[in-house]
C-alpha cells in the first residue's frame, strides 16, 4: 500500500486538527470549529477533508500538516509525510531517488493547480458578474449555518468554485506572485497550463519532456493559459486531492479543459456530497448537473466527456443504487443508452422532463445518417416512457427562463433552475426529486419496452438484445421482475424464460473462450480482420474474411477459441484523427471502384487533367492493399501557398485506407506510435521542413517508409518484472502509403524520388464555381467518401493476401519504374481479368505520355536523339562509332555535340522558334546558340548516367549501353526508330494526259 494511503488509514483528520488546538463540534458529518474568530474552519468527516473558507484553503490530513491555514509555516510534502508517519506510529518512509522524483513531479503538478485554484476562488468572490452567474444556475451564494447533516456553507463555496477573471495584467501578475510564493516553478507544465507561454514551444517541450500534440501551439509560438475569458472554474477532487481543473464560460455556452499534455487526461467530476461509502450515486453529463444533485443532497459523478473505462466501472460498482441522469437531446440520449448498457441492467434512467412530451425532428436538409440517429433517440425515449409510470413532476416545471427566453429542461441543472424560478422551497424540491428517482425505470425495463415496440425483422433483432440484457440480472432480480418484463415485451412468461435459457447458452459458450481480445484488425490464423468505426454513432465493429473466403461483419468474431472484439474507440477516432470505414459495403469489381473514385475526385477538386484523376483513383486503390506488397509509392502535391495542395490531399485522404493526419511540424514520436497501431495511410501537410537534411526524423521516415522491413528505432521507458524502469530499443513501422503536401523539395529529395507528383497552380473563384467545386470539406463530401470507404474495405477483404507476388510480366516496359510501382500491384490483382489489365495499362501509358511532354523538350532529350542518330544512321555509325580492344562501342563527346547542334538547328528552322534578324545584305539568318562539348559531357555523365571513358589523346568517349539507351528513350518520350533511315514512302503517280490532233484524249 502507498505510504500516503497508510497514513490516511491511520490518522483521522478531525483528531489531528483537534490535537493541533482547533476544537470541533462533537457529532455529525460536518464538524465546525467552535473557537471564535476562526473564519469558517469545517471538517468533512466522511471524505476526511477540511475546508477553511476564509483562507480559501482545503485538503486532506497531509495537506493540513503541510499548510494548516495561516497559523504555521508551510513545510514541504516530504517533511509533511514524515511528520504524519510519526503521529501514526508508522516507520519513516525510505525515499528512493526514483520514488522521490516521481512524487515530486506529481506534487509539483498538484501544487500548481492548488495555488491557481485558491486564487480563482478569491476572484470568484470579487466578481459580481461571476457570482450573478452562479446564482442564475440555481446555486446559493450566501453562507448557511451547519447542522449535523447539513453542509455548513453555500453551494458555491461548498463546491469550491472559482473564476478565471478578465485576464488583466494585474491578475496575471497576482497569479505569478502566488505561484512563486508557493514554490511553483513558473515554466513547469502545470504552471504553463495556468499562465500560458510565449516563445519556442518545441524547445520548451524538449526541456520538460512534454509531447506536443497540438500543432497550432507550434505554429503560433504560444500555449494558451487559463487566466481570463470570464470562466467559472470547477475543481476535480478525488480522495482529497485536486487532480484537475475545468472551466465554463459565464457569457457563452463554451467549455474549456486543461491540455492533456500539460496536466494529464481530463477526469470525472465528483460533487461535494460524493463519498465512496455513499449507497446512492447519480451519474450525469457535466459538472453543473453534479453540483445540482448535491443541492438535493445526492452524491453525483459528472462524466464530463470521459470515456467509459474499467477504472470508472470499478468506481460505480462501489455504490448500491446507481441512477443515470439523461441529457434530453439526440446525442445525450444515444450516449446514455450506451453507458447504461455498460453499467448494467438495474441502473435507473432519470429525465428532467416528461418523455411523453418529447419528440426530436431532424433538420430539413439532414443527411440520412443524422435522420437515422434522430429516430433512434426518439425510439429510446418511447422505450423509457413505455417503462415509466406517470411522470411525477408537474408540467409547469418542465421549462425555465434564460434571459428573455423560455427553454425546455434539458438536464438536471435546468430542472433546478425551474424549481428556483418557480419559488419551490428546498423541502418540496427534495420531495419531488425523491419521487422522480423512485419512479425512474431501470435500463432493463426501458430496453424491453424499446424492443417490444419494434415490428417485423427489426423486432427480432431488438428482442435478442433485450433478452441479453434481461439475462444479466442476478437470480433474485430476475425472479422479481421477469413477469413485468414479459408483459412489456408482449410475450408469455414461459416464452421469455425459454429465450433467456437460449441466450444464456450463447453467452456461456462465448465466455468459455475467455476474455475478449481487443484488436484494430490484422491477420490471425488465416482470418483477415478489419476495424469498422461509425463516428456518428460512436460504434465500432469488426469485418472479416474467414479461411474459406466468406466475408462478414459483426460486434466480434471467434477464431480458434479466442473471441476478438474491436478496440474501444478513443479520442483519436472520435476526433477524426484516423478515418475508418463505418460498415461493410457491397462487392464491386475494380473497374467500378475506379470509376466511382474518379467521379468523386472530379466532383471535389479541379484537377489538371482527367488522366490525372484516373491515375489518382488507381493509386487510392493500391493503398487498400499496400501491405500485401513489398514497396509503396507516395502521392505528392506541390505548389505555392494558395495552390490548394493541402485541400487536395485531405480530400483524397478521405477515400484512402485508414488515413491519419500528421503535420510536418508535429511530434515524430507520436506519429511513429500511431502508425504502429493503426497501420494506414499517412497524410503529411506542409512537409517542407526548414532543416530537412538526411538526419532529420521526417526524412528518415520518407526514406525508410517506401519499402517493407525498414523500421525506425526509438528507445522507450519500460517497466521490468521487478518494477524497475529501464530503457529499451523498440522498432516502429514506417512502411505505408503517404499523401504529402509540399511547397518545395527536400534537399536530398527524399519524397520526390518515391512519389507520383501533381504540380498545382491556384484556381480562381469563377473556375471553381463553374465546376461546382466546394470550397470546404462538407457533409455530403464526407458521406460520399464514407460510402466509398465501405465499398473499398469489402474489396480489400475479398482480395488481400499476406504476400501478393508481382511477376515480371506485370511490369510495363513503356512507362517509368515509378509508375510501375503502381502498375505492378494493380496488374497482379487483376491477373485473371485481361480486359481490366488493358484498362490499367492504357491509363498509366496515357498519363506517362502526358507527363514526359516537358522532358521531351529538354536539352537532355536532344542529346539522346543525337546518340540514337549516330547509332542508327549507317554513315554516322561508320564515321563516329569506334570499337575498343574489349569490343565496347564508343562515341566521341565531340561527335555527340556536333549532332546535337544539328538537330537543334533543324528544329529551329522547322518550327520557326528563333527570332529572325536581317543581316547587313538584307538577307535573313537564324540566331544560333551552339552547345559546347563540356556542357554535353555533363549532361551525358550527370543526367543520363552513361559511362564516360578516361581522357584519350583525341578526347572523351561515351560507352554505348543499348538497354540503358532504350530506358532513356522511354523516360524522355523518344522513339529511337524516328532517328535513323526511314522506309521510303510510295510515291503518288500523276496519270499522263494524251492530247490528240482532233482534241480526243
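Numbering (our numbering), first residue to last: -17 to 983. Even glycine gets a Cβ: it sits at the ideal position worked out from N, Cα and C. Quick caveat: nothing in here was measured; it's all calculated off a predicted structure.
| Query | Result |
| --- | --- |
| What is the DSSP secondary structure of residue 963, counted as helix, strand or coil? | coil |
| In or out: residue 808 buried (at least 16 other Cβ within 10 Å) or exposed? | buried |
| So is residue 71 buried or exposed if we call it buried at 16+ other beta carbons inside 10 Å? | exposed |
| Specify the secondary structure class of residue 720 as computed by DSSP and reduced to three states. | strand |
| Could you pull the start and end residues of the alpha helix (DSSP H) that residue 30 belongs to? | Neither: residue 30 is in no alpha helix (DSSP H) and is coded neither H nor E. |
| If contacts are defined as beta-carbon pairs under 8 Å, then residue 164 and residue 93 qualify, I think. What distance do you get, rounded to the angstrom? | 6 Å |
| Mind checking whether residue 183 and residue 173 have CB atoms under 8 Å apart? | no |
| In whole angstroms, give me the CA-to-CA distance for residue 136 and residue 276. | 11 Å |
| Hey, residue 336 and residue 373 are a contact pair by Cβ (cut 8 Å); roughly how many whole angstroms apart? | 4 Å |
| Mind checking whether residue 432 and residue 365 have CB atoms under 8 Å apart? | yes |
| Less than 8 Å between the beta carbons of residue 207 and residue 176, yes or no? | yes |
| Within this structure, are the beta carbons of residue 941 and residue 887 separated by less than 8 Å? | no |
| Bridge partners of residue 217, per DSSP? | 227 |
| At what residue ranges does the region 521 to 594 contain a whole run of the beta strand (DSSP E), taking only runs of 3 or more? | 521 to 527, 533 to 536, 539 to 541 and 544 to 548 |
| Need the endpoints of the beta strand (DSSP E) that residue 940 sits in, please. | 939 to 941 |
| Tell me the rounded alpha-carbon separation between residue 646 and residue 196. | In this predicted model, residue 646 has a pLDDT of only 40, less than 50, meaning its place in the structure is not dependable enough to derive any value. |
| For the structure I just gave you, are there three or more beta carbon pairs, one from the region 393 to 408 and one from the region 326 to 340, closer than 8 Å? | yes |
| When DSSP labels each residue in this structure, what does residue 788 get in the three-state scheme? | coil |
| Alpha carbon to alpha carbon, how far is residue 325 from residue 408? Give it in angstroms, no decimals. | 31 Å |
| Report the start-end ranges of each alpha helix (DSSP H) in the region 123 to 204 that is 4 residues or longer and not cut off at the edges. | 137 to 140, 151 to 163, 171 to 177, 183 to 189 and 197 to 202 |
| On the DSSP letters alone, give me the boundaries of the alpha helix (DSSP H) that residue 772 sits inside. | 761 to 781 |
| What's the call for residue 281, buried or exposed, on a 16-neighbour Cβ count within 10 Å? | buried |
| With DSSP as the reference, please indicate the residues paired to residue 284 in a beta bridge. | 251 and 266 |
| Please go through the same chain and pick out, in chain order, the residues whose beta-carbon is closer than 7 Å to the beta-carbon of residue -4, but skip the five residues on each side of it. | 6, 13, 25 and 27 |
| Does residue 237 come out as helix, strand or coil in the three-state DSSP assignment? | strand |
| Decide if residue 796 is buried, meaning its Cβ has at least 16 other Cβ atoms within 10 Å, or exposed. | exposed |
| Do you know whose CA, among 520, 108, 567 and 603, lies nearest residue 637's CA? | 603 |
| Is DSSP giving residue 601 helix, strand or coil here? | helix |
| Where residue 100 and residue 222 are concerned, what is the direct C-alpha to C-alpha distance, given to the nearest angstrom? | 15 Å |
| Contact defined as beta carbons within less than 8 Å: I believe residue 717 pairs with residue 690. What is the distance between those atoms, to the nearest angstrom? | 5 Å |
| What span of residues does the alpha helix (DSSP H) with residue 242 cover, start to end? | 242 to 245 |
| For the region 525 to 542 against the region 497 to 509, are there 3 or more C-beta pairs whose distance is under 8 Å? | yes |
| Is residue 737 helix, strand or coil when you go by DSSP? | strand |
| Tell me, please, which residues DSSP counts as bridged to residue 373. | Residue 373 pairs with nothing; no bridge assigned. |
| Nearest-angstrom Cα distance between residue 781 and residue 454? | 40 Å |
| For residue 111 and residue 556, what's the separation of their Cα atoms in angstroms? | 35 Å |
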